[in-house]
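What follows is one structure encoded as structure tokens, with my remarks underneath.
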Amino acid sequence: MAVTDAPKLITARFDQEDAHTLAGYESSGGYTALRKALGSAPDAVLAEVKAANIQGRGGAGFPAGTKWGFLPPDVSPRYLVVNGDESEPGTYKDRLLLERDPHQLIEGVLIASYAIAANQAFIYIRGEMPFAHERVAAALNEAYAAGYIGRDIMGSGWSLDVVLHWGAGAYIVGEETALIESLEGNRGMPRLKPPFFPAVKGLYMQPTIVNNVETLSNVPWIVNNGGAAFAALGTDESAGTRIFALSGHVRRPGVYEVEMGKTTFRDLIEAPVYGGGIRNGRGLKAFIPGGASAPWFYEEHLDLPLSKATVDKAGSMLGSGAVVVMDETTCPVRAALRVVRFFAHESCGKCTPCREGTNWLEKIMHRIEEGTGRADDLDLLLDVSDNLSPGIAWPPRQTTICPLGPSAVSPVASSIRRFRDDYVAHIDQGRCTHD
Amino acid sequence: MGRLNAGNVALAHEIIGRYPRTKSALIPLLHLAQEQDGWVSDEAMVHIAELLDLTPSEVLGTCSFYEMFKREPVGRYLVNVCTSIACMLGGGDELLEHCEKSLGLTPGATTADGLFTLNEVECIAACTEAPCLQVNYRYFHRITNEEVDALFADLRAGGRSGEIPPHGTLTRVRQQVDPQRWDGRGGEGLPEERS
Amino acid sequence: MTDIAENGTEAVRGVAVTLNGRVIDAQPGELVINAAERAGVYIPRFCHHPRMQPVGMCRMCIVEIDTGRGPALLPSCMIPVAEGMVVETESPVTRKAQDGVLEFLLVNHPLDCPVCDKGGECPLQDQTVAFGPGESRFVEEKRHHEKPIAISDVVQLDRERCILCDRCTRFAKTVAGDPLISFVNRGNETEVNTFPDHPFASYFSGNTVQICPVGALTATPYRFKARPWDLDQVESTCTSCSVGCRVAVESSSNQLVRYLGVDVDAVNWGWLCDKGRFDFEAVNSENRLARPLARQGDDLVEVSWSDALTKAASALGGAKERHGSSSIAVVGGARLTNEEAYAWSKLARSVLGTDSVDAQMGDGLPSDVVLGLPRATIDETCAAGTVVLLGPDLKEELPILYLRLRDAVVNHGLNVIEISASQTSMTRYAAVSLRYRPGEAAVLVQELFEHAGDVDVQADLGRARALLEANNVVCVLGRPSVAERADSVVQAALRLRSRVPGMRFLSALRRANIHGALDMGLSPGMLPGRVSLEEGREVFTEAWGQLPGSVGLDTAGVLRAAAEGRIQALILVGADPLADFPDRDLARRGVAGAGFVLAVDCFATDSVRQADVVLPAVSYAEKAGTTTNIEGRVSRLHQKVTAPGTTRPDWMIACDLAERLGGDLGFETAEAIWDEIERLAPAHSGLTAQRLASSEGLEGIVAAGPSSILETTMDVTATATLPVDGYSLRLVSTRKLYDNGTLVQQSPSLAPLAPGEVVRANPADLDRLGVASNDRVRVASSRGAVVAPVEADAAVARGTVLLAFNQSGSGAADLIDVSLPVTEVRVETVGIGDREVSG
Ligand SMILES: Cc1cc2nc3c(=O)[nH]c(=O)nc-3n(C[C@H](O)[C@H](O)[C@H](O)COP(=O)(O)O)c2cc1C
Ligand code: SF4
Ligand code: FES
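Protein chains in written order, with my numbering: chain H, 19 to 453; chain G, 27 to 221; chain L, 85 to 923.
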């Protein structure tokens with residue numbers, strides 16, 4: 019399909035200099051969706067979002083409208099929490115949405131809060147993004163002053179406060195229940211679901227909707243253009259457009275909004291408007307299709323379309339929309355170690371298998387990479403992996419509360435399965451064979 | 027140093043007021059302490075505990091979970107070089123090596139003059155812009171070795187202060203809610219917590 | 085899942101769960117781990133604790149659970165049963181996962197079992213031996229930490245052994261409400277620790293040692309004292325205060341080495357306070373009285389039992405003969421078992437002929453109030469519509485009652501109205517907290533119902549009034565302060581009762597077996613079984629032979645009479661009026677003024693040193709019997725060790741004395757005494773030894789006594805507001821858990837924890853008086869003066885001064901005149917040159 023004419027729903031203002039200001043936003047259609055939403059009943063807005071069939075963009079891909087519908091009726095207060103913790107290696111899109119088009123998110127927050135009858139929303143932004151924080155703070159201040167947020171919004175009788183909150187450096191806080199813990203001032207340790215499904219028992223044990231920045235940034239467009247228009251984009255199963263961060267060994271790393279289901283990995287990596295092909299004309303070794311937690315893909319997966327169902331079926335996930343490309347010169351042991359290191363470093367420490375297991379995996383991988391690996395290390399790696407994620411299957415089973423621990427298994431299992439020889443060479447020769 | 031000064035206490039109360047439950051203000055208040063002193067001292071944690079009706083132990087429990095809170099003084103400039111997978115592929119390791127040389131530091135260490143602390147960090151959400159680093163969390167995308175040297179030289183010479191405030195200052199634009207617009211119903215109907 | 089059964093009551097239908105191929109009947113809402121255990125399948129666990137909310141983090145208990153969407157590995161400690169659920173605890177997948185978790189737990193564990201206190205009783209060790217990997221596949225360096233660090237005066241933490249199960253930290257936060265230990269750092273670096281210079285100074289810290297599933301937390305008083313396989317254990321009841329927690333008493337080589345809390349639903353849920361847990365050291369103390377003593381001039385010298393008894397009997401007999409029975413008084417008895425208290429009650433009434441017997445030391449409440457008001461149990465109190473607290477700081481005096489009430493408030497929304505003279509540990513949990521001026525509790529209650537009070541407190545009064553409308557109101561009633569007389573508190577309680585129909589009461593008197601002593605008639609005018617002298621006259625005259633003709637004196641009356649030379653023989657049964665009576669001046673004059681003093685005790689207290697004859701008694705865990713707690717719950721005590729020297733049980737001493745005096749109490753054994761109690765004491769009828777020994781008796785059985793006494797004796801007239809002097813402040817004096825008392829002072833691990841004497845006052849009052857915090861001040865009353873450091877404390881109400889009772893230093897007792905309704909004091913800074921004098 020034509021790679022060039024993909025519609026831009028949420029990155030449309032990325033090139034507009036003043037898009038982050040209220041004036042700039044309003045001049046390009048900003049806050050018309052809010053006005054429209056407030057003119058109809060909350061249920062009607064919810065119906066529109068359901069019709070759009072938009073899947074969450076935070077990683078799990080759960081349909082947003084369905085999630086909002088899970089809120090138990092008549093329980094208040096209830097909250098909306100925006101997940102802007104973006105920390106998964108390879109993932110880079112929410113920060114841009116926050117920095118370049120903060121009002122679009124705020125408008126999405128307002129409409130979503132209206133639809134779920136919340137009176138307070140929290141925007142949780144990753145601590146290491148002060149510029150995004152400043153942009154959102156300024157936008158919130160403007161929006162409050164203009165009467166878009168606060169008491170009796172635009173005469174509707176409905177009120178909302180939006181509180182800007184920020185993290186302080188912990189990837190796990192991106193997991194929604196950990197995010198809630200963190201927002202409550204606690205250590206960001208996930209809660210078990212069930213019983214702690216946020217929609218039922220979330221922030222302060224009240225019904226809470228947690229959505230990703232990108233998910234909510236789509237909401238104004240959906241309200242303005244109708245859910246059906248959104249659902250018409252992409253495929254039946256993966257609607258709309260999505261932002262992908264393309265990094266690693268490509269000529270043109272970058273952040274691209276593409277239509278779901280229509281674009282393939284090959285398009286993304288090779289098309290001149292996107293990645294422009296592997297750097298230095300080299301061949302592809304592997305790519306991670308959906309952030310560090312995703313099992314790796316190879317050559318044979320290039321023609322899969324960017325659609326949730328297809329990628330799931332092929333044994334990986336689109337996750338957070340992060341495609342990391344490794345060329346043929348990449349040492350797979352080193353690359354996998356780097357990903358394992360991340361998860362070991364970011365384990366919250368709550369579950370024994372994750373706290374001890376990810377760290378153990380890192381230690382074994384480290385010695386192999388360093389050249390002091392042992393003959394039975396591969397079996398050990400796989401068995402430790404199996405104890406974190408029984409069966410090492412996809413979708414993963416887990417002995418842990420959240421998927422972080424099992425995520426560390428993806429790079430280990432992927433790389434051993436595909437590049438066993440490289441591991442063996444490292445162990446036999448006592449050095450990295452790619453140096 | 028240590029306890030929050032009067033201005034920050036006032037700010038702290040304003041921040042606490044935004045949340046249905048006071049403990050939610052803990053991370054913002056720790057940031058405030060770090061902004062004041064460049065790090066989070068024990069005295070600051072004790073003071074925050076007082077402000078939030080917590081024990082110092084509870085404050086420490088939260089504070090120590092998060093990477094950004096430094097419980098010992100760090101340099102005026104915290105140089106965080108990303109070597110996570112995407113940056114590794116894009117030259118992060120080489121960038122780190124160059125920074126080590128340029129600053130004469132191993133990761134985790136601080137220069138004798140207290141100006142720079144160098145850190146190797148995990149993904150900072152700039153994956154398409156490798157190699158990259160942050161100085162006090164201000165981004166430098168696709169930075170070259172020459173640019174690194176120039177940046178450090180500028181900072182040593184006291185330059186770039188507008189762009190990079192001292193360590194601890196994250197935001198220079200704060201959310202400010204006009205009491206006229208403030209709805210403040212976030213905790214209405216919330217069951218009382220009598221911990 | 086409830087059904088309405090045919091008779092209209094709700095019948096609970098079970099939940100059918102398939103466990104390892106067998107259908108079991110689980111209870112609705114029950115967790116899989118518990119349902120399986122009841123069905124005989126034990127699922128291994130570390131973080132799960134039946135008395136705390138599950139966190140599901142150790143992952144040891146993961147099993148395959150299928151709720152219809154295919155089997156998934158889930159923590160059985162967090163998943164409630166559901167109809168049709170299929171659970172596999174032995175499947176290869178479950179086994180592999182659990183073995184994996186165990187291996188992960190051992191990755192960083194030092195495996196130093198041979199030198200670990202927990203070795204031999206360690207779940208981790210047991211699991212490892214049973215299922216663990218033979219050989220470690222982890223070849224790298226383990227995590228290292230400094231070995232053990234003291235996190236409090238009594239608890240040490242070895243972070244290398246810790247498996248991060250969150251039991252101790254969860255306990256500290258959610259059960260004790262003292263979150264002074266937390267997880268620190270993240271991921272693989274996580275450790276448990278305190279904040280620098282803020283130790284885990286919780287009254288409940290010892291529980292963390294008991295619930296730690298490995299040897300990470302150890303108790304300083306127990307460390308390296310014994311190995312589990314050398315321990316002998318017996319179940320008993322704690323008598324460190326009157327809550328009556330069930331406890332396992334453990335000894336090694338005839339030395340007490342450890343107490344563990346035993347989980348009973350009705351009382352302590354397995355918890356103990358640190359005083360109760362560690363004061364076994366006092367029983368082991370070398371300072372125990374081991375042989376009888378008799379006065380020779382200024383000294384007490386060791387004598388034989390025969391000589392001591394002869395000497396005592398002749399003095400008692402002489403007093404009775406020359407001055408009549410009313411010249412003899414018996415003070416004390418709260419330390420005794422019920423049987424011993426009964427024996428002493430019988431000795432006093434039938435042999436000595438006196439009714440001047442009192443187990444209370446002037447710091448309690450009138451016995452007809454304690455015994456006569458309708459009662460509530462702890463469970464009933466926790467489940468009440470509203471609870472009124474009118475008594476001391478529960479955390480200081482009845483720690484486990486505090487835990488139970490705190491739990492009821494935090495987890496079950498119990499509404500508490502606190503009526504107190506200053507803030508207490510319950511204030512933060514109270515729905516309304518009302519302050520009264522010392523001596524004016526009854527006035528406050530009057531205002532409460534008469535819509536008076538100034539505007540500030542109006543709203544609080546209104547809320548309290550509304551809460552009192554609830555069904556089922558219980559008042560926890562004790563003595564808020566010994567610096568005010570009991571009258572005003574009693575009147576407040578009675579007035580509340582007259583306004584709140586059906587109100588019931590839970591006693592908050594603290595001293596050991598005080599309720600048993602009162603039940604056994606160690607109170608003037610009362611006979612065993614909660615009947616008055618008159619009500620019981622017929623029955624007891626017949627059984628005992630004779631009874632005194634009229635009601636005798638209480639402790640204050642006895643001391644006053646003694647000071648005036650009207651008491652010829654004063655018997656102190658485990659009583660130390662010089663330390664415990666609120667008015668030390670009167671206590672001194674009383675003890676000095678008594679013609680002859682006989683002391684029966686375990687230690688040479690201040691009062692014992694004034695005695696003419698001293699008889700050494702056996703102590704806790706050296707005797708069997710029963711005890712009665714605040715609820716009236718009778719539970720059993722057991723012997724674990726043999727007593728030192730020639731000490732005898734108190735009941736035997738009573739029998740010996742009776743014999744020397746020509747009487748016969750008729751008891752050969754403690755069991756025989758209980759049989760007589762059951763036969764004669766109305767409140768204890770039917771409470772047979774067999775029932776107490778049966779499974780029903782495991783958590784004790786509440787004696788349901790008559791409650792008709794009160795109506796006839798108490799009058800409910802209002803107290804007029806007392807005149808106020810603009811410069812004086814009113815004294816509030818309450819106990820701290822750790823004080824100068826014998827149990828604490830003779831327990832080396834606890835003695836240093838007593839906070840010492842500090843005067844506390846509201847900062848505004850100190851400002852007004854020109855006194856600075858940390859100054860040394862002189863606090864003077866009409867009775868005497870005390871010099872101590874002062875601390876400004878906003879928790880102290882304006883117009884009052886707080887001085888804890890019985891701390892080292894000259895003490896609040898020097899200020900209190902029990903003949904006055906309140907204790908008015910002046911506070912002034914002691915100048916640099918001033919001599920620190922008192923009196
Ligand atoms: C370890 C972990 C990290 C996560 N990090 C993020 C994140 O940084 N941002 C995000 O939006 N969702 C993240 N998620 C997903 C969230 O839990 C949650 O599904 C999402 O925020 C819901 O929003 P959505 O439905 O709009 O996608 C993470 C999940 C896990 C398990
Ligand atoms: S899997 Fe890891 S990160 Fe997730 S809750 Fe467990 S320990 Fe924390
Ligand atoms: S006992 Fe269930 S997870 Fe620890």
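We treat Cβ as the ideally placed atom computed from N, Cα and C, and that holds for glycine. None of these values were measured; they are calculated from a predicted model.
- The residues Y142, R144, G185, V191, G192 and L197, in chain order, have a CB closer than 7 angstroms to that of H:D103 in the same chain once the five nearest residues on each side in sequence are set aside.
- Going by DSSP, L:L373 is part of no alpha helix (DSSP H) at all; its letter is neither H nor E.
- For H:E374, the neighbours in chain L by C-beta distance under 8 angstroms run, in chain order, F188, L189, V191, N192 and N272.
- Counting every other CB atom within 10 Å of its CB across the protein chains shown gives H:D23 a total below 16, marking it as exposed.
- Counting along the chain, the unbroken alpha helix (DSSP H) around L:Q774 starts and ends at A773 to A777.
- Along the stretch 122 to 173 of chain H, the beta strand (DSSP E) occurs as fully enclosed runs of 3 or more residues at 138 to 143, listed in sequence order.
- Using a Cβ-Cβ cut-off of 7 angstroms, L:L264 is close to T81 and S83 of chain G, given in chain order.
- Taking 8 angstroms as the upper bound for CB-CB distance, L:W428 and L:V414 are in contact here, some 6 angstroms apart.
- For L:K231, the secondary structure class from DSSP, reduced to helix, strand or coil, is coil.
- Nearest to H:S403 by C-alpha distance, out of L:A872, L:L886 and L:G184, is L:G184.
- Residue environment for G:N31: exposed (fewer than 16 other C-beta atoms within 10 angstroms of its C-beta).
- The beta carbon of H:P60 is closer than 8 angstroms to those of Y132, A133, I134 and A135 in its chain, skipping five residues each way along the sequence.
- The Cβ neighbour count for L:D196, taken over all protein chains shown within 10 Å, is under 16; the residue is labelled exposed.
- Straight through space, the alpha carbons of L:G605 and L:A425 are spaced by roughly 8 angstroms.
- Under a criterion of Cβ atoms nearer than 9 angstroms, no residue of chain H is adjacent to L:C145; the nearest Cβ is some 11 angstroms distant.
- About 12 angstroms separates the CB atoms of H:G309 and H:V329; that is not less than 8 angstroms, and the two are not in contact.
- Annotation: L:A856 to G:G210 spans about 41 angstroms, alpha carbon to alpha carbon.
- Considering only beta carbons, the part of the stretch 512 to 524 of chain L lying closer than 8 angstroms to chain G consists of R512 and Y513, in chain order.
- As a beta-bridge residue in DSSP terms, L:Y343 pairs with L:V333.
- Residues with their Cβ less than 5 angstroms from any non-hydrogen atom of ligand 2, running along the chain, are H:I190, H:P208, H:S365, H:C366, H:K368, H:C369, H:C372, H:T418, H:I419, H:C420, H:L422 and H:G423.
- G:G117 and G:P157 have their C-alpha atoms some 5 angstroms from each other.
- Contact of L:E114 with chain H is not assigned, every C-beta pair being separated by 8 angstroms or more.
- Taken atom to atom, the span from the alpha-carbon of L:V914 to that of L:G893 is near 16 angstroms.
- With the criterion set as a beta carbon lying under 9 angstroms from some beta carbon of chain L, the members of the stretch 175 to 198 of chain H are A188 and I190, in sequence order.
- Two segments are said to touch when three or more pairs of C-beta atoms, one from each, lie closer than 8 angstroms; by this definition the stretch 216 to 231 of chain H does not touch the stretch 64 to 73 of chain G.
- By the rule that beta-carbons nearer than 8 angstroms mark a contact, L:L457 does not touch chain H.
- G:R44 belongs to the set of residues whose beta carbon lies under 8 angstroms from a beta carbon in chain H.
- Sorting G:R29, G:L159 and G:Q201 by C-alpha distance to the C-alpha of G:V105 places G:L159 at the top.
- Taking 8 angstroms as the CB threshold, H:N377 stays off the interface with chain G.
- Under DSSP, L:D316 forms a beta bridge with L:S335.
- Sixteen is the threshold: when 16 or more other Cβ atoms of the shown chains lie within 10 Å of the Cβ of G:V161, as they do, the residue is buried.
- In the displayed model, G:Q62 falls within a helix according to three-state DSSP.
- Judged by the Cβ position, H:K68 fails to qualify as a neighbour of ligand 1 at the 7 angstroms threshold, every heavy atom of the ligand being at least this far.
- Taking 9 angstroms as the cut-off between beta carbons, the residues of the stretch 329 to 350 of chain H near chain G are A340, V342, V343, M344, D345 and T348, in sequence order.
- Taking C-alpha positions only, G:G212 is separated from H:N236 by approximately 25 angstroms.
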